[in-house]
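Chains as they are written, first to last, in this note's numbering: chain A, 1 to 88; chain B, 1001 to 1265.
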């Protein structure tokens, strides 16, 4: 199995550019006019979950943060697609 | 490298893709019925689609030496109209005796509605009545966690044998829901959603390599028909053995799919 250095060699540059892309995305949202929506808030909440995942792995914490946690089927759906963050 | 592509929507792909898949070592390809990017306007539209899946695509794949198999259903995205869903369900038995049909799929939920759930239960009943395996689609993005739980509950309530069910499109937060309940799990390798190769390998390293496969689910959207092969190469970079890679991309899908007597490889 690879060690930590191997994993850094394989994925650090990829993760680095994705991290900068996220920072630039948040700057872009800040810079532009208009009102943000639940996706922005959901994204920030997911970032918090990534930094403080508790006792679960970070990827799972992020995915759960971006999930609908209700338990019963809904009566009807207004859309066929998914937004990527729950509307709370 | 030999591999099985257990989930690809070739009706949406070019013939060049068949050529590339064949050159990459694909030994068999399975195509579940799905949403083709638009809602079909009639039951006859589905009858034509099932003909395409059971007659035309096997012939197109055969030109490249690839055995083509299929799963039939009305997908959950078009199943929110119960009356229409039942009309399409009534057509499916016409095709179940075709020699390349493996089972019922990809059934499941899309927006987790009561109507989708009703049609899911009726698909499960059809699979049980005909003793067919099931391939499950789990919802997208924010709907996946809830939908996966609802689907597993529906399967348990119906008394389905989990050995005969693969729950597809699992990610880090849903893999355990499927595997811990005894089901098989599928990981879909998409460039923009679901799993990247690196994350799919993380899931293998976390949850093990039993009862799990990976697929490209290539369709009309942004997707890669060679995603399974590319993930296998990524597994090599992560120092996984050739035997383990072959288990995940060839032996595991062969084991699950061989539960259908029509699957021969």
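Backbone N, C-alpha and C define an ideal beta-carbon position, used for all residues, glycine too.
Should residue i be flagged as near chain A, meaning a C-beta pair shorter than 9 Å?
i: residue 1086 (chain B); result: no
i: residue 1063 (chain B); result: no
i: residue 1142 (chain B); result: yes
i: residue 1161 (chain B); result: no
i: residue 1172 (chain B); result: yes
i: residue 1198 (chain B); result: yes
i: residue 1102 (chain B); result: no
i: residue 1206 (chain B); result: yes
i: residue 1210 (chain B); result: no
i: residue 1164 (chain B); result: no
So, with DSSP's three-state summary, where would you put residue i?
i: residue 1145 (chain B); result: helix
i: residue 1190 (chain B); result: coil
i: residue 1018 (chain B); result: helix
i: residue 1137 (chain B); result: strand
i: residue 1112 (chain B); result: coil
i: residue 1103 (chain B); result: strand
i: residue 3 (chain A); result: coil
i: residue 1157 (chain B); result: helix
i: residue 1215 (chain B); result: strand
i: residue 49 (chain A); result: helix
Below 9 Å between beta carbons: does that hold for residue i and residue j?
i: residue 1028 (chain B); j: residue 1066 (chain B); result: yes
i: residue 1039 (chain B); j: residue 1078 (chain B); result: yes
i: residue 1148 (chain B); j: residue 1165 (chain B); result: no
i: residue 1009 (chain B); j: residue 1044 (chain B); result: no
i: residue 1001 (chain B); j: residue 1177 (chain B); result: no
i: residue 1173 (chain B); j: residue 29 (chain A); result: no
i: residue 1216 (chain B); j: residue 1198 (chain B); result: no
i: residue 1143 (chain B); j: residue 1189 (chain B); result: no
i: residue 1146 (chain B); j: residue 69 (chain A); result: yes
i: residue 1191 (chain B); j: residue 1224 (chain B); result: yes
i: residue 1103 (chain B); j: residue 1260 (chain B); result: yes
i: residue 1116 (chain B); j: residue 86 (chain A); result: no
i: residue 83 (chain A); j: residue 38 (chain A); result: yes
With a threshold of 9 Å between beta carbons, is residue i in contact with chain B?
i: residue 69 (chain A); result: yes
i: residue 12 (chain A); result: no
i: residue 79 (chain A); result: yes
i: residue 83 (chain A); result: yes
i: residue 75 (chain A); result: yes
i: residue 16 (chain A); result: no
i: residue 2 (chain A); result: yes
Who are residue i's beta bridge partners in DSSP?
i: residue 1003 (chain B); result: B:1026
i: residue 1071 (chain B); result: B:1032 and B:1103
i: residue 79 (chain A); result: In DSSP, residue 79 (chain A) forms no bridge with anything.
i: residue 74 (chain A); result: B:1113
i: residue 1165 (chain B); result: B:1134
i: residue 1185 (chain B); result: B:1167 and B:1212
i: residue 1231 (chain B); result: Residue 1231 (chain B) is not bridged to any residue.
Since residue i and residue j are thought to touch, with beta carbons under 8 Å apart, how far apart are those beta carbons, to the nearest angstrom?
i: residue 1218 (chain B); j: residue 1013 (chain B); result: 6 Å
i: residue 1119 (chain B); j: residue 1082 (chain B); result: 6 Å
i: residue 1150 (chain B); j: residue 1106 (chain B); result: Not really, about 15 Å apart at Cβ, beyond 8 Å.
i: residue 1071 (chain B); j: residue 1033 (chain B); result: 6 Å
i: residue 1186 (chain B); j: residue 1202 (chain B); result: So it is not a contact: roughly 16 Å between Cβ atoms.
i: residue 1 (chain A); j: residue 1019 (chain B); result: Not quite, the Cβ-Cβ distance comes to about 36 Å (not below 8 Å), so this is no contact.
i: residue 1088 (chain B); j: residue 1052 (chain B); result: Incorrect: roughly 15 Å between the Cβ atoms, too far for contact.
i: residue 1213 (chain B); j: residue 1263 (chain B); result: That pair is no contact at about 13 Å.
Please find out if some non-hydrogen atom of the ligand PLP comes closer than 8 Å to the beta-carbon of residue i.
i: residue 2 (chain A); result: As for the ligand PLP, it is missing from this structure, which has no ligand bound.
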